[in-house]
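See below for the structure under consideration.
Number of protein chains: 2
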Amino acid sequence: MINRFCESPLWDANRTLIRVAQGQEPAELVIRHAKLVCVTTGEILDDTDIAVACGRVAYVGIAPHTAEHCIGPRTKVVDAQGSYVAPGFLDGHIHVESSMVGPSEYARAVVPHGTTGIYWDPHEAMNVAGLPALRELAKDAARVPLKCMITPGSCVPAVPGFEDTGAAIDAHDIAEAEDWDCVVGLGEMMNYPGVLAGDSHVLDEIDVTLRNGETVTGHYSVPETDRGLNAYIASGVSCCHESTRAEDVLAKLRLGMYAQLREGSAWQNLHDLAPAITQHRIDTRLCNLVSDDNHPQTLVSEGHMDRILRKAVDEGIDPMTAIQMVTINTATCFRMQGELGSIAPGKCADLVFLDDLHDFRVTRVFIDGDEVARDGQALFCPAPFDWPEGMTHTMHLARPIDDNTFRIPAKDAKGNALEGDYATVRVIVSSSGSTLTREEHDQVRIVDGELLADPAHDVLKAFVFERHHATGKFAYGFAKGFGIHGALAQTVAHDAHNLLVVGDNDHDMALAANELLECGGGEVAVQDGQVLGKVELPICGLMSPEPVEQVAAKVERIEQAWATMGCTMASPFMTMGLLSLACIPELRLTDRGYVDCTKYQFVPLVVQDDAS
Amino acid sequence: MINRFCESPLWDANRTLIRVAQGQEPAELVIRHAKLVCVTTGEILDDTDIAVACGRVAYVGIAPHTAEHCIGPRTKVVDAQGSYVAPGFLDGHIHVESSMVGPSEYARAVVPHGTTGIYWDPHEAMNVAGLPALRELAKDAARVPLKCMITPGSCVPAVPGFEDTGAAIDAHDIAEAEDWDCVVGLGEMMNYPGVLAGDSHVLDEIDVTLRNGETVTGHYSVPETDRGLNAYIASGVSCCHESTRAEDVLAKLRLGMYAQLREGSAWQNLHDLAPAITQHRIDTRLCNLVSDDNHPQTLVSEGHMDRILRKAVDEGIDPMTAIQMVTINTATCFRMQGELGSIAPGKCADLVFLDDLHDFRVTRVFIDGDEVARDGQALFCPAPFDWPEGMTHTMHLARPIDDNTFRIPAKDAKGNALEGDYATVRVIVSSSGSTLTREEHDQVRIVDGELLADPAHDVLKAFVFERHHATGKFAYGFAKGFGIHGALAQTVAHDAHNLLVVGDNDHDMALAANELLECGGGEVAVQDGQVLGKVELPICGLMSPEPVEQVAAKVERIEQAWATMGCTMASPFMTMGLLSLACIPELRLTDRGYVDCTKYQFVPLVVQDDAS
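Chains E and U, in that order, give the protein sequences. Every letter in the first sequence is one number past the one before it in the working numbering, and letter 17, counting from 1, is 26. Every letter in the second sequence is one number past the one before it in the working numbering, and letter 159, counting from 1, is 168.
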């Protein structure tokens, strides 16, 4: 559907627009002397005027024509002399939750950077609190001018049967959500094995979306670009942000799929993907630029789509092409080109003022004709949102946690006590900047019937506690790659967002876990009984009610704490959060145990002699 | 809405497609070794295989990949070695009625030329027989593979209050029609003065279409490209085929409107419009190529969209760009890019085999994966359609016509007898190749209380009879420019499709009129009591049940008759049919009288002394 993200639908506004265009009624806003970024023709139209009424463009006057005839005594007139005026930037695939704030605060952070619309998959919050969370998030979003267009999480839980989440979503839920005004499609279909296997659960979700005429967004992250990719696209998925090589991008475009080139905080693919455009003479109409995940620090210090545009131009992409990739192409991907993505009569008056087309410094932003940001500051300030208890009290453990909780019994999979001084165990090996993990087999000591961590060799204990429904489920294993002394805990841990604790000693681990239980979730770093850093995320254990700048500062501090504790990783918190992400190879730990994510089966902690 | 023009909707087909793509189930059709015209990237992909099932593309195998794994014992395998394979051509704006056949026969004519889908405004038939006609036409269309996507006539009658039609359409009718599967938008909004004036009648039609998420097609034919065009686009109209100058095209594209470059049988704009593309470095994504009106002879002797592609390339447009303008761009204009317009997994398997990209000789055509034409011949042959009486008996006059009917009383507007030997009368002057007419004041003789034609000075009598509801209304005047001796009659006469008779003597005029009354409408040429040519069009007085080749031959013969009778015009029948087209300047004759089409008022036949 169209029109519902605008101040007024075109069928209500058009009578006024017609009069304004002809000078029979004054405009509410007239922007004069702009260098218009005309994304439909790919031209810069010098000295262009734009008249706005009812939140929509009524008239575009290209020199020698002007909008003087649209100016009345109460018309706000803005001189854009020297500025480029582009359509508002659209982020075609984003998870607000990764910025650790709610959508209204997110809007305050990104709108000053020129973002006027986001296509948001809130699957993190939905894993915790289901469809009701989506409804509340949409309510918060509706209080700010940013157009939050939602694609509900399609894979909740991400790996059914291997983890416990707060909620589960099926095709009936999707059908219900698609009737809501905020919903424009289906969230990223991460379960591509399910699609390729023809699983009813996933295809039913796709089908209900297709029937509704909406967009099925994708997640196809394997290098196979022939039969599997064809089958995946044939299912009805029409865009994908998971390319890591230029050849992935080319393959998707050639098969008619929108390739959403990602440049997030942690996953920065643009350098590798840009050659698909710069080294091939191809039509780029199916290319988008997207961020996927933004850390709060990235938003505060580097920006949002303006940052990605800078990067795109740095990589050699033509500035007009880059802007098309965050405006008309993105709107067309979601079949909303009639409303968004260009500056033209009848379209929403979502406008971005830019000093130039290489630094993309945003000076003013208008949404639905209202000025909403100037010189990097939002002109709106959302009051705190009253989140329901179902989203603010999400830490539910069956039993209290103390030091003893973190004892790992020296038993085999059948419960038989292990003999000897050492046991061979599976260890998850993480590495900086990679979403993949590796399975390693290491020796750990057996002391008093207990398996010990081995900090000298960076073998830490890892625990995951189900924290949504107090089922009492938990599992443990060992993790390598973090190099710390102390303990770390977080509830962001993907995709079930259970309570994940990693550490080299039980006392710090218990303290870390209890800190998060007390504050409703978040992340914490503990060493020798001291809390070195903490980011409270009491909304679903994922988001903070604080301003993004404060959250960013806290994240900054906790990352310094990580370094103090011995970790040299680039995004340690993010990498740690993937320990439980059971949809990506190779070995992961969920609240149900170790998952071999190549064969999709549980595997025991202890490696017996007959296994190698 | 999507999906309803395909063999099976994607949500029904996708499970099969997924299996076929992976070689788990054989395809119905595999095309091998094609030079794929990849319109999404603008590339030719050499040696590409295409596998099809359920009428849709399941798999596209780009070399070195092949579709061998999709071939089973009953798979039809087609070797495309040496051929380009392009997406089926779409005509973004067409009136089937101008080809003088019904839609199924039209399909038989155009499909062998690569056309797989048309966006059809059936306003001619609707002027005669209203919404019921649309329903019947859609039924006929549904019997052939061509995808007939209908935009119901928005301006029926075209000029309310100045003419009498068989039916009238309002927003309620449009709302009703938009629930029908065949309808995808609103027909050309010719009443741009109404739009600019904010008339409720026209805006209500637009609004009901916008609410439905469908496309409002346009008709903005004046050279004004500033305030008026802005207002027109702001109303919600998103495409227009009425550009006559390159600057019109540029203005529309810059204002976000699809510019549909027309190359019809009579109105051939491409030569003038192509420079908008060839002389400007612009993005052409909003450009379509359309035919608008095709004479039957054009279809038979020159083709359809293949003809326009040839012309586009002759005019210097890059072949890939030209093909995009009849495929992906057109589908996107109607927000149907998810179904049509490219060859990609999940899309309808509408495919055209071409020998090259300059002559565009079409050798094979597939729709929904079925071969439907080969070497210029359709492989389907629709049986005669059983048109209802409301569409085959549309000639209803209140009184019989005889020679006396054509006596023009020598009276002024008040009914007073004119004195003297001569009277000054308004004359409509037509000229070859122009849709415009001119008003001229000439002297005609008064004999026995009657105004006479003046064949020596090419001043012919012209009569228009209301023929839909036997109201008895008729009007008369004089016409110049045809240069004939004898009489001509037709029921195609735009836009009310009343009975139009032109001639230099009453006896031939009466014979011509009665010939058409007898055969249910059409066109006829009579001289000295002999019928020199006749094209019977008994369906609504607009279309023939005969094969298009026979209709073309009859039209050919009648055009020869015109020449025999003294006419030197290029498309005399078409030009004559515009005598009553009251939506274009300057002077026209409807069944209600002379209309001054610059001021929109009736004007009298006789010019009194005080008028000049």
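Backbone N, C-alpha and C define an ideal beta-carbon position, used for all residues, glycine too.
Sixteen is the threshold: when 16 or more other Cβ atoms of the shown chains lie within 10 Å of the Cβ of residue 374 of chain E, as they do, the residue is buried. At least one C-beta of chain U is nearer than 7 Å to the C-beta of residue 68 of chain E. Annotation for residue 303 of chain E: no beta strand (DSSP E) segment contains it, and DSSP assigns it neither H nor E.
Within the stretch 330–362 of chain U, 341, 344, 347, 351, 353, 354, 355 and 356 place their CB atoms closer than 7 Å to a CB of chain E, listed in sequence order. In this structure, the alpha-carbon of residue 223 of chain U lies about 6 Å from that of residue 193 of chain U. Residue contact check for residue 191 of chain E against chain U: no CB pair falls below 7 Å. In the three-state DSSP reduction, residue 52 of chain U falls in the strand class (E or B). Each of E:442, E:164 and E:402 was checked against the Cα of residue 591 of chain E, and the nearest Cα belongs to E:164. In the three-state reduction of the DSSP assignment, residue 129 of chain E falls in the strand class, which pools E and B. 7 Å or more divides the Cβ of residue 96 of chain E from the Cβ of residue 300 of chain E. Secondary structure of residue 157 of chain E (DSSP, three-state): strand. In the structure shown, residue 140 of chain E adopts helical secondary structure according to DSSP, grouped into three states. The DSSP-derived three-state label of residue 439 of chain E is strand. For residue 74 of chain E, the C-beta contacts it makes with chain U under 7 Å involve 235, in order along the chain.
At a cut-off of 7 Å, the C-beta of residue 286 of chain E has no neighbouring C-beta in chain U. Counting every other CB atom within 10 Å of its CB across the protein chains shown gives residue 536 of chain U a total of 16 or more, marking it as buried.
Short of 7 Å from the beta carbon of residue 552 of chain U, and not among the five residues preceding or following it, lie these beta carbons of its own chain, in chain order: 106, 109, 110, 111 and 546.
Note that the C-beta distance between residue 77 of chain E and residue 61 of chain E is not below 7 Å. Residue pairing of residue 543 of chain E in beta bridges, as defined by DSSP: E:533. Residue-level contact check: residue 163 of chain U does not touch chain E, since none of the beta carbons of chain E fall below 7 Å from its beta carbon. With a threshold of 7 Å between beta carbons, residue 292 of chain E makes contact with chain U.
In this structure residue 228 of chain U does not touch residue 266 of chain U by the C-beta definition: roughly 12 Å separates them, more than the 8 Å allowed. When the alpha-carbon of residue 469 of chain U is set against those of U:567, U:452 and U:479, the nearest one is in U:452.
For residue 250 of chain U and residue 519 of chain U, the gap between their C-alpha atoms comes out near 38 Å.
By a beta-carbon distance limit of 8 Å, residue 187 of chain U contacts residue 218 of chain U. Their separation comes to about 7 Å.
If you ignore the 5 residues before and after residue 464 of chain E, its C-beta comes within less than 7 Å of the C-beta of 494 and 513, all in its own chain and listed in chain order. The DSSP-derived three-state label of residue 565 of chain E is helix. Contact between the stretch 586–601 of chain U and the stretch 431–449 of chain U is present: 3 or more CB-CB pairs across the two stretches fall below 8 Å. Scanning the stretch 453–494 of chain E for uninterrupted beta strand (DSSP E) segments of 3 residues or longer gives 469–474 and 483–489, listed from N- to C-terminal end. Counting along the chain, residue 340 of chain E sits inside no beta strand (DSSP E); it lies in the alpha helix (DSSP H) bounded by residues 337–342. At a beta-carbon threshold of 7 Å, the residues of chain E lying near residue 47 of chain U are 263, ordered along the chain. When secondary structure is reduced to three states using DSSP, residue 36 of chain U falls in the coil class, being assigned neither helix nor strand. One thing to note: residue 279 of chain U has its Cβ within 7 Å of the Cβ of residue 272 of chain U. Where residue 284 of chain U is concerned, there is no enclosing beta strand (DSSP E), although the alpha helix (DSSP H) around it starts and stops at 284–287. Residues of chain E whose Cβ lies closer than 7 Å to the Cβ of residue 50 of chain U are, in chain order, 262, 263, 291 and 292. A direct Cα-Cα distance of roughly 8 Å separates residue 331 of chain U from residue 298 of chain U.
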